[in-house]
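Take 1 as the starting number for the sequence shown in full-length UniProt numbering and just add one per residue. Everything on this sheet refers to the single structure shown next.
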Amino acid sequence: MTDNDKKTLNLIEILQDLNRPFPPEYLHIFSDITAADLDEIKKAWPEIPVLRKITLLQDLEAMMESDTLLSCDDFARFALQDDNPDVRSRAINLLWESEDPRLTHIFGDILTQDGNEVVRANAASALGKFVLMGELEEISQKIFDRIIDLLLKHYEIEVFDEVKQEILRSLSYCGKQEIAKLIKEAYETNKKAWKIAALESMGRSADNRWKDHVLANLTNDDADLQYEAIRAAGELELKASREILLRTLAEEAGNNDVFYQTIWALSKIGGGSVRETLQDLLENSNDDEEIEVLEMALDNLDFTDENSELSLF
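Laid out in structure tokens, this is it:
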């Protein structure tokens with residue numbers, strides 16, 4: 001028995017025993033996992049407690065967020081078959097960075113066949129990346145058309161609003177007129193969750209037809225709607241929102257969500273006194289998180305300003 005075999009067996013023993021803490025150094029086994037190691041885990045998987053499976057997937061997700069070169073695709077695809085919906089949903093999260101077009105079939109099957117609405121919603125959300133890739137011509141037109149057709153058809157028959165809202169968010173990357181109509185219908189409902197989904201979809205659409213809708217919500221008394229409008233203003237790079245956002249920045253200091261989203265939106269819009277305002281905030285901040293956000297925003301502002309200069313030629 002090789003040292004690697006011993007390590008794999010020890011890993012399985014630990015996974016099966018909730019009373020034993022899971023050593024972080026074992027997480028790397030799951031990145032680019034060997035076929036032999038995956039086979040051993042598959043055999044032991046039914047005996048691993050659900051809670052351990054969920055925490056393992058959470059830990060792997062955190063590991064991948066800190067190191068984007070890691071990939072747990074093979075293990076995640078296996079975990080998608082688990083009986084527990086929380087495990088399946090977490091497995092989808094592990095595949096967020098993957099650009100493998102074959103996943104569109106897998107996520108599509110989950111969306112149309114899984115019995116749990118949370119899992120279906122997560123699958124619908126995961127398909128959004130591939131809709132965007134289709135708009136950017138990074139996947140074949142055939143695959144792109146199939147994804148759009150599937151999402152539109154399931155939007156009509158899905159009974160859970162949460163799933164439909166995720167479908168709308170994913171579809172919104174596509175510029176088809178029928179999708180713009182769905183966004184408008186969602187915005188005009190009296191349900192807050194639908195308005196939030198509509199505002200986020202407007203931001204993703206890269207379509208300035210939504211300018212007035214977004215501007216109207218930048219000072220919304222509802223912080224959630226205001227947050228999404230601010231994000232959309234940044235995504236759409238709405239110059240008309242600049243002065244409103246600068247005022248919001250002065251008013252919302254201390255409100256982390258709205259405050260930080262406003263900083264980031266302004267970094268995507270640029271111009272005016274944006275740079276001076278962000279630099280002044282940075283110079284006077286004593287908060288580590290705020291400093292980090294402001295430094296990232298100023299870096300992004302450099303990119304925004306460079307693109308703005310190039311567009312003049």
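No residue lacks a Cβ here, since even glycine has one placed at the ideal position from N, Cα and C.
Distance CB(residue i)-CB(residue j) smaller than 8 Å
{"i": "Glu166", "j": "Ser205", "result": "no"}
{"i": "Met202", "j": "Ile183", "result": "yes"}
{"i": "Leu57", "j": "Arg20", "result": "no"}
{"i": "Ile54", "j": "Asp100", "result": "no"}
{"i": "Phe78", "j": "Thr104", "result": "no"}
{"i": "Leu236", "j": "Arg275", "result": "no"}
{"i": "Asp299", "j": "Gly270", "result": "no"}
{"i": "Tyr227", "j": "Asp207", "result": "no"}
{"i": "Lys211", "j": "Leu238", "result": "yes"}
{"i": "Ala229", "j": "Val163", "result": "no"}
Alpha helix (DSSP H) segment containing residue i, residue limits
{"i": "Asp212", "result": "211-216"}
{"i": "Thr104", "result": "103-113"}
{"i": "Ser201", "result": "192-205"}
{"i": "Val159", "result": "Run containing Val159: none; DSSP gives neither H nor E here."}
{"i": "Asn122", "result": "117-135"}
{"i": "Asp39", "result": "35-44"}
{"i": "residue 330", "result": "Nothing about residue 330 can be reported from this structure: the residues present for the chain run from 1 to 313 only."}
Presumed contact (8 Å Cβ cut-off) between residue i and residue j, rounded CB distance
{"i": "Leu127", "j": "Leu151", "result": "6 Å"}
{"i": "Ile33", "j": "Asp74", "result": "5 Å"}
{"i": "Leu246", "j": "Ile263", "result": "11 Å between Cβ atoms; not a contact."}
{"i": "Ala198", "j": "Ala233", "result": "Going by Cβ atoms, the distance from Ala198 to Ala233 rounds to 14 Å, so no, they are not a contact pair."}
{"i": "Glu47", "j": "Gln81", "result": "Going by Cβ atoms, the distance from Glu47 to Gln81 rounds to 16 Å, so no, they are not a contact pair."}
Residues near residue i by beta carbon distance below 6 Å, same chain, minus five either side
{"i": "Phe107", "result": "Ala123, Ala126, Leu127"}
{"i": "Thr8", "result": "Asp37, Glu40"}
{"i": "Asn84", "result": "Val50"}
Other residues of its chain near residue i: CB distance less than 8 Å, five sequence neighbours each side excluded
{"i": "residue 357", "result": "The requested residue 357 does not occur in the structure, where the chain is confined to residues 1 to 313."}
{"i": "Leu281", "result": "Leu249, Ile263, Glu290, Leu294"}
{"i": "Trp194", "result": "Asp161, Gln165, Ala186, Tyr187"}
{"i": "Leu312", "result": "Confidence in Leu312 is poor, its pLDDT being 47 and thus under 50, which makes the residue's placement unreliable; the coordinate value appears in the next sentence. Hits under 8 Å: none found."}
{"i": "Ile143", "result": "Pro101, Thr104, Phe130, Gly134"}
Cβ-based neighbour list, residue i, same chain, cut-off 7 Å, excluding 5 preceding and 5 following
{"i": "Leu60", "result": "Leu27, Phe30, Cys72, Leu94"}
{"i": "Ser172", "result": "Ile179, Ile183, Ser201, Arg204, Ser205"}
{"i": "Ala253", "result": "Phe259"}
Where are the alpha helix (DSSP H) runs, 4 residues long or more, that stay fully inside the region 58-102, in chain order? Counting whole runs of 4 or more residues, the region 58-102 contains the alpha helix (DSSP H) stretches 73-79, 85-94.
Scan the region 220-273 and note each continuous alpha helix (DSSP H) run of 4 residues or more that stays entirely inside, going in chain order. Entirely contained in the region 220-273, the alpha helix (DSSP H) runs reaching 4 residues are, in chain order, 223-235, 242-251, 256-269.
Quick one: complete beta strand (DSSP E) runs, 3+ long, within the region 269-303? Every candidate beta strand (DSSP E) stretch fails here, since none sits fully inside the region 269-303 while reaching 3 residues.
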